[in-house]
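To keep things clear, I will list the structure first and then write my remarks on it.
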C-alpha cells in the first residue's frame, strides 16, 4: 500500500514508518518541518491547512492515511475538506485518555472510581477538553480525542479505524516516563522514596516498538468503524516497575514507602485510587497482535537512551 503518515517524524511515527516499510509498504511522511529521517519520501505542510493536505494527497495518492497527531476536531475537519468528497481510509491514533477513568484520575469530576481494565466499551469521559487550563500544556485548550474520534467516525468521506494507545515509552519519548527513577539509580542513590499511593498505582505503559507493530497491523487488518485498545500485556504497579528497572540496572538500594506527599504534585493533583489499566484483548484476538520486544529488552533500550540522553 501507499501510506501517508501525518506527523510521523518524532517519537512513535518513525518507528511505525520503519515497521511498515519493512513489510513492503510505500511510506510518505507529511509534517511541518524538515526532518533528518532517512529513506522516506517527505511532504512538508501543516495538518491544520486543508490546502497543504490536499496538495500532499494529490502528490502522494495514498491508499490510506495514518493520522498520528489529530488532537483537535479541526484536524479532522481540515482533512475532510482536503479530500473534497474523495473517500479515504484513515487510521486515527487516539488515546486511552478518552475513558471516564482518566476523568476520575485527574479529578475533573466527582464521579466514582471506575472498574478496570477499561475495554473499548467502557464509559467515556463526560468532561470535554480535559487539559484546558492546565499549566504547561500548550495544546490543551482545544484538545479532546473524544471529539476527534466522533468527528472521524461520523465523516462521510473517512473510512476510519481507531487505535487508542496506552502510555508509550522508549527512545525519544518526549515525556521521559522513567527519567527520575533511572537517574536516581544511575547516580548511585542509596534509598529512593515513593509515596504509598503512587507505589500502588497501576497504569498501562507500553513499549514503542510493540505499539508500532500494533499500529501497522491495524493499518493493514483493522476493520473500518472499529476501535482497538493497544497496550502491552504486562500490568504493574509503579513500585513493581521501579523494581524491574532496579534489577536491570543492578541497583541494590532500598525503596522507602512514605505516607506524605513529599512535595509530589501527582499526589495532590490526582485521585490515585483510580488505576489506569486497559484491556487489549480485542486487538490480540482480531488482529493477532502480540509483543515483538520483551519487557526486559524494551526497558533496557529505554534505560540506555535515557542515560545517554541526559549527557547531551
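Numbering (full-length UniProt numbering), first residue to last: 1 to 312.
Note that the Cβ used here is the ideal one computed from N, Cα and C, for glycine as well.
What you are looking at is a predicted structure, and each value in this text was computed from that prediction instead of being measured.
- Put simply, the region 57 to 77 does not touch the region 96 to 106. Fewer than three CB pairs are less than 8 Å apart.
- If only complete runs of 3 or more residues are kept, the region 197 to 266 shows the beta strand (DSSP E) at 205 to 207, 227 to 230 and 254 to 258, in order along the chain.
- Assignment of residue 67 by DSSP, reduced to helix, strand and coil, places it in the strand class.
- According to the DSSP assignment, residue 51 belongs to no beta strand (DSSP E) but to the alpha helix (DSSP H) extending over 50 to 60.
- Taking all protein chains in view, the Cβ of residue 53 is crowded by 16 or more other Cβ atoms within 10 Å, so the residue is classified as buried.
- Residue 164 is bridged by DSSP to 94 and 229.
- Taking the Cα positions, residue 157 is about 17 Å away from residue 219.
- Going by beta carbons, residue 127 and residue 138 fall outside the 9 Å limit.
- Going by beta carbons, residue 228 and residue 283 fall inside the 9 Å limit.
- In the three-state reduction of the DSSP assignment, residue 186 falls in the helix class, which pools H, G and I.
- A direct Cα-to-Cα measurement between residue 131 and residue 296 gives close to 33 Å.
- Scanning its chain for C-beta atoms nearer than 6 Å, with the 5 sequence neighbours on each side dropped, one finds around residue 16 the residues 212 and 215, in chain order.
- Residue pairing from DSSP places residue 159 in a beta bridge opposite 89.
- Boundaries of the beta strand (DSSP E) around residue 29: 26 to 31.
- Around the beta carbon of residue 261, fewer than 16 other beta carbons lie within 10 angstroms, which makes this residue exposed.
- Residue environment: residue 62 is assigned as buried (16 or more neighbouring CB atoms within 10 Å of its CB, all protein chains considered).
- In chain order, 26, 60, 61, 62 and 63 place their CB closer than 7 Å to the CB of residue 2, counting only its own chain and leaving out the 5 sequence neighbours on each side.
- Per DSSP, residue 193 is one residue of the beta strand (DSSP E) stretching across 191 to 195.
- Segment contact: the region 268 to 279 against the region 238 to 245, fewer than three CB-CB distances shorter than 8 Å; contact not assigned.
- Judged by their CB atoms, residue 152 and residue 76 are nearer to each other than the 9 Å cut-off.
- In the three-state reduction of the DSSP assignment, residue 114 falls in the coil class.
- By the neighbour-count criterion, in which 16 or more other beta carbons inside 10 Å mark a residue as buried, residue 143 falls on the buried side.
- The beta carbon of residue 292 sits closer than 7 Å to the beta carbons of 209, 210 and 213 from its chain, once the five residues preceding and following it are set aside; these are given in chain order.
- Straight through space, the alpha carbons of residue 39 and residue 197 are spaced by roughly 46 Å.
- For residue 44, the secondary structure class from DSSP, reduced to helix, strand or coil, is strand.
- Judged by DSSP secondary structure, residue 100 falls within the alpha helix (DSSP H) whose first and last residues are 100 to 105.
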